[in-house]
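Some notes on the structure that comes next.
Number of protein chains: 2
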Amino acid sequence: MTEKQEKILQAALELFAKEGFHATSTNKVAKFAGVSEGLIFRHFCNKEGLLQAILNSGERRLKSLFAEIIMETDPKEVIRKTITMTDHIDESEYDFWKLQFKLKWELEISGDKKMQPLKMALANAFSSLNYESPELEAELLLLFTEGLGAAVLKGSSINTEEMIQFLLKKYKL
Amino acid sequence: MTEKQEKILQAALELFAKEGFHATSTNKVAKFAGVSEGLIFRHFCNKEGLLQAILNSGERRLKSLFAEIIMETDPKEVIRKTITMTDHIDESEYDFWKLQFKLKWELEISGDKKMQPLKMALANAFSSLNYESPELEAELLLLFTEGLGAAVLKGSSINTEEMIQFLLKKYKL
DNA sequence: GTTTAAAATGTGAGTACTTACTTATTTAGT
DNA sequence: ACTAAATAAGTAAGTACTCACATTTTAAAC
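Chains A and B supply the protein sequences, listed in that same order. The opening position of the first sequence corresponds to residue 13 in this note's numbering, with each subsequent residue numbered one higher. The opening position of the second sequence corresponds to residue 13 in this note's numbering, with each subsequent residue numbered one higher.
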């Protein structure tokens, strides 16, 4: 991975996240990265390839964030970590997460599959704590987590900290 | 409002909702509507104007959906109607709602302001029922509602009916 | 009720510009 | 010297948008 290759990835991530995939031209990416436009196609084949490269390099972030929760053995901790997840995403990774959310709507990249392990871990946790409907509880909590994440990334007026504390209280954690 | 004008609005709504605003060209809209491309600009000035026309004509739907909840006096009914809202949106209006959600990400049209009256109605309802933190309860419920709506429109595997019943039970309704 | 002129609606062929992508050529690392 | 990295200058197709012209609708005058 050369220096310019990384510059392209960085620039594309920022622009795709802030303006959207279709609204960002390869010309714009090249200029923002301080690179000739042709280089994008030399390294990433086409615009779609550039996007895939970004997504692949970001996969680690996604997995490491989820892994910490899934590895947890204490059921209460699984739930607590899920609720506080939004607060643990680093500001330097905002662009990546924003892109992830944006692509769910702009292209039809669901990201539903990637949530599955987390959903199962949550369902197990709720089951261990003798909740009546563990699967539904898991789904509901994920709905909340996604909603809160979306709100934060969209710069909503919502008070994240307060909301997280409120939820922890609701789940008696 | 002429016949062709409505055809343009219909076509644009469907295409914007399904492919996205930036990904849909005016040429595509014109062909899909069976109309000359120039007519779009005669009637709606530019592409942005076309979008605004769609949004304005859809405003009624948004208001009528929220109004029914806000007018409600029984606090328990306010909460119940909010929870079941997702199930009440007609399939013929899917495109409109999908566009609404998509635009939140593609452009930065928040739609946060339009939620404010509903949020206040919910906060009042929770307050009447002596909940400890009515504002947070309201915000949380809206987070769920939006998340559930998004899931349905994205064609998620989630069981909407079941989830709604589950939530009603949680809120003792 | 017909005529007629003006206004509104609609078209098709353009425009200048941008798009994703290519290719011939040059630069730099080993 | 050979290979990979990088560039500059293309290209064809697509973009939003315009404009001169044709058609229909409206409405007032006779």
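Virtual Cβ for every residue (Gly too), placed ideally from N, Cα, C.
What's the call for A:ASP86, buried or exposed, on a 16-neighbour Cβ count within 10 Å? By one-based count along the first sequence, residue 86 of chain A stands at place 74. Exposed, by the Cβ-count rule.
With a Cβ-Cβ cutoff of 8 Å, do A:ARG92 and A:LEU185 count as a contact? On the first sequence, residue 92 of chain A is found 80 positions in, with the first residue counted as 1. On the first sequence, residue 185 of chain A is found 173 positions in, with the first residue counted as 1. For A:ARG92 and A:LEU185, yes; Cβs fall inside 8 Å.
Are the region 43-53 of chain A and the region 92-107 of chain A touching, with three or more C-beta to C-beta distances below 8 Å? no
Answer with buried or exposed for B:ILE95, where buried requires no fewer than 16 other C-beta atoms within 10 angstroms of its C-beta. Within the second sequence, the letter at position 83 stands for residue 95 of chain B. By the 10 Å Cβ count, B:ILE95 comes out buried.
Is B:VAL47 helix, strand or coil by DSSP? One-based indexing of the second sequence puts residue 47 of chain B at position 35. B:VAL47: coil per DSSP, three-state reduction.
Contacts that B:ASP86 makes with chain A (C-beta to C-beta distance below 7 Å): Position 74 of the second sequence, counted from the start, is the residue given in the question as residue 86 of chain B. Per Cβ cutoff of 7 Å: no residues; B:ASP86 is ~24 Å from chain A at best.
For A:SER139, which of helix, strand or coil comes out of DSSP? On the first sequence, position 127 is the one that residue 139 of chain A refers to. Here A:SER139 sits in helix by DSSP.
Strictly below 9 Å CB to CB, what residues from chain B border A:MET175? As a working note, residue 175 of chain A is residue 163 in the first sequence. LEU148, GLU151, LEU152 and LEU155, listed in chain order.
Using a 10 Å radius around the Cβ and a threshold of 16 neighbouring Cβ atoms, would you call A:LYS114 buried or exposed? Numbered from 1 along the first sequence, position 102 holds the residue referred to as residue 114 of chain A. So A:LYS114 counts as buried.
Of the residues that make up the region 15-48 of chain A, which ones have a beta carbon closer than 7 Å to any beta carbon in chain B? GLY32, HIS34 and ALA35
Of all the residues that make up the region 83-117 of chain A, which are near chain B by a beta-carbon distance shorter than 8 Å? PHE113, LYS114, LYS116 and TRP117
Which residue marks the beginning of the alpha helix (DSSP H) containing B:THR98, and which one marks its end? Start at 1 with the first residue of the second sequence, and residue 98 of chain B comes out as number 86. Looking at the DSSP string, the run of the alpha helix (DSSP H) that includes B:THR98 is 97-100.
Considering only C-alpha positions, which residue in the set A:LYS88, A:LYS110 and A:CYS57 is nearest to A:VAL164? For this step, residue 164 of chain A is matched to residue 152 along the first sequence. Minimum Cα distance to A:VAL164 is reached at A:LYS110.
For A:ILE2, which of helix, strand or coil comes out of DSSP? Nothing can be reported for residue 2 of chain A, as the shown portion of chain A is limited to 13 through 185.
Roughly how far, in whole angstroms, is the beta-carbon of A:GLU105 from the beta-carbon of A:GLY32, given that I think they are within contact range, below 8 Å? The residue you call residue 105 of chain A lines up with position 93 of the first sequence. The residue you call residue 32 of chain A lines up with position 20 of the first sequence. So it is not a contact: roughly 18 Å between Cβ atoms.
Kindly indicate if chain B contains any beta-carbon less than 8 Å away from that of A:GLY159. Counted from its first residue, the first sequence places residue 159 of chain A at position 147. Yes - at least one Cβ of chain B is within 8 Å of the one on A:GLY159.
So what's A:GLU71 in DSSP terms, helix, strand or just coil? Indexing the first sequence from 1 puts residue 71 of chain A at position 59. A:GLU71 falls in the helix class under three-state DSSP.
Whole-angstrom distance between A:ASP124 and B:MET13, CA atom to CA atom: For this step, residue 13 of chain B is matched to residue 1 along the second sequence. For this step, residue 124 of chain A is matched to residue 112 along the first sequence. One C-alpha to the other measures close to 42 Å.
Looking at chain A, is there any beta carbon in it that lies within less than 8 Å of the beta carbon of B:ALA163? Translated into positions along the second sequence, residue 163 of chain B becomes position 151. Chain A, which has a Cβ nearer than 8 Å to the Cβ of B:ALA163, makes this yes.
Nearest to B:PHE156 (by Cα), restricted to the options B:LYS182, B:TYR143 and B:LEU141: By 1-based counting over the second sequence, the position of residue 156 of chain B is 144. Closest by alpha carbon: B:LYS182.
Start and end residues, alpha helix (DSSP H) containing B:PHE156: The residue labelled residue 156 of chain B in the question sits at position 144 within the second sequence. 146-165 is the span of the alpha helix (DSSP H), which, as asked, contains B:PHE156.
Got a sec: which bits of the region 56-83 of chain B sit with their beta carbon under 7 Å from any beta carbon on chain A, in order along the chain? none
The alpha helix (DSSP H) that contains B:TYR106, what's its start and end? Taking the second sequence and counting its residues from 1, the one referred to as residue 106 of chain B is at position 94. From DSSP, the alpha helix (DSSP H) with B:TYR106 extends over 106-118.
A:GLY159 classed as buried or exposed, judged by whether at least 16 other C-beta atoms fall within 10 angstroms: Along the first sequence, read from residue 1 onward, the residue named residue 159 of chain A stands at position 147. With 16 or more Cβ atoms within 10 Å of its Cβ, A:GLY159 is classed as buried.
For B:MET13, does the three-state DSSP call read helix, strand or coil? For the purposes of this step, residue 13 of chain B is taken as the residue at position 1 of the second sequence. Three-state DSSP puts B:MET13 in coil, outside helix and strand.
From the beta carbon of A:LYS166, is the nearest beta carbon of chain B less than 8 Å away? Position 154 of the first sequence, counted from the start, is the residue given in the question as residue 166 of chain A. Yes, A:LYS166 lies at the interface with chain B (some Cβ there is under 8 Å from its Cβ).
Between the region 67-78 of chain B and the region 31-45 of chain B, can you find at least three pairs of beta-carbon atoms closer than 8 Å? no
For B:ILE170, which residues in chain A fall below 7 Å Cβ to Cβ? Against the second sequence, residue 170 of chain B aligns to sequence position 158. Within 7 Å Cβ-Cβ: GLU151.
For a cutoff of 8 Å on Cβ pairs, would you count B:SER122 as touching chain A? One-based indexing of the second sequence puts residue 122 of chain B at position 110. Cβ-Cβ to chain A under 8 Å: yes for B:SER122.
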